[in-house]
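Just so you know, we're using this note's numbering here: the sequence shown kicks off at 8 and counts up by one.
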Amino acid sequence: MKGFLSLLLTSIVNGVTTQAEINMRTAADGRHQPFITTFTLPDEHPAWPEGTIMVQAMDNTTPIPGEATALTSSATSNIIGVLQSRVAENETSGNVMIHGSCPAEILKYVPSTGPADATAAQIAALRVAGIYV
């Protein structure tokens with residue numbers, strides 16, 4: 008029995024069946040209870056990190072209910088919240104914190120050149136939307 012147990016434990020420790028990366032980082036920092044909801048994301052988009060500023064998706068000038076996209080400029084209009092956790096490239100949905108608190112250091116918008124730190128005006132707009140920074 009002792010030899011079998013040793014063999015079993017060795018197999019479990021030394022055997023690798025798969026490797027997975029688990030990202031436990033989230034935008035909510037626990038200072039204020041968050042309200043998080045799921046939005047549909049655009050069909051094509053790059054990966055976005057947690058803390059990405061999200062805006063209401065629009066069809067010309069009409070908001071599309073239940074759809075959000077990352078803010079791609081230094082604008083402050085239509086901000087609805089921040090991405091709670093990272094989403095992969097072309098992922099179809101994402102969890103958006105629409106009320107709660109998060110650290111200012113993680114807030115980003117995503118121009119075509121890659122993620123950029125949120126501006127003071129964007130942080131002010133997030134506070135109006137209910138995100139405490």
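No residue lacks a Cβ here, since even glycine has one placed at the ideal position from N, Cα and C.
Subject >> First and last residue of the uninterrupted beta strand (DSSP E) at Val103 >> reply: Ser100 to Ser108
Original post:
Beta-carbon separation of Glu96 and Pro56 under 7 Å?
Top reply: no
Original post:
Beta-carbon of Thr126 versus every beta-carbon of chain B: anything under 7 Å?
Top reply: Chain labels in this structure do not include chain B; a single protein chain is all it has.
**OP:** Can you say whether Ala131 is buried or exposed, counting buried as having 16 or more other CB atoms within 10 angstroms of its CB?
**Re:** exposed
Original post:
Over what stretch of residues does the alpha helix (DSSP H) that includes Thr89 continue unbroken?
Top reply: This sequence places Val at residue 89; Thr is not what is there. Here Val89 belongs to no alpha helix (DSSP H); instead the beta strand (DSSP E) covers Ile86 to Leu90.
Original post:
Going along the chain, which residues of its own chain have a beta-carbon closer than 6 Å to the beta-carbon of Gln63, five neighbours each way excluded?
Top reply: Pro70, Asn85 and Ile87
Original post:
If you follow the alpha helix (DSSP H) that Gln129 is part of, which residue opens it and which one closes it?
Top reply: Ala127 to Ala136
Subject >> Rounded C-alpha distance that separates Asp124 from Leu78 >> reply: 12 Å
**OP:** Report, in whole angstroms, the separation of the C-beta atoms of Gly101 and Phe46, which I expect to be a contact under 8 Å.
**Re:** 6 Å
Original post:
Taking just the CA atoms, how far does Leu90 sit from Thr33?
Top reply: 8 Å
Original post:
Can you round the beta-carbon distance between Ala127 and Thr83 to whole angstroms, since I take them to be within the 8 Å contact cut?
Top reply: With a Cβ gap of about 10 Å, Ala127 and Thr83 do not count as contacting.
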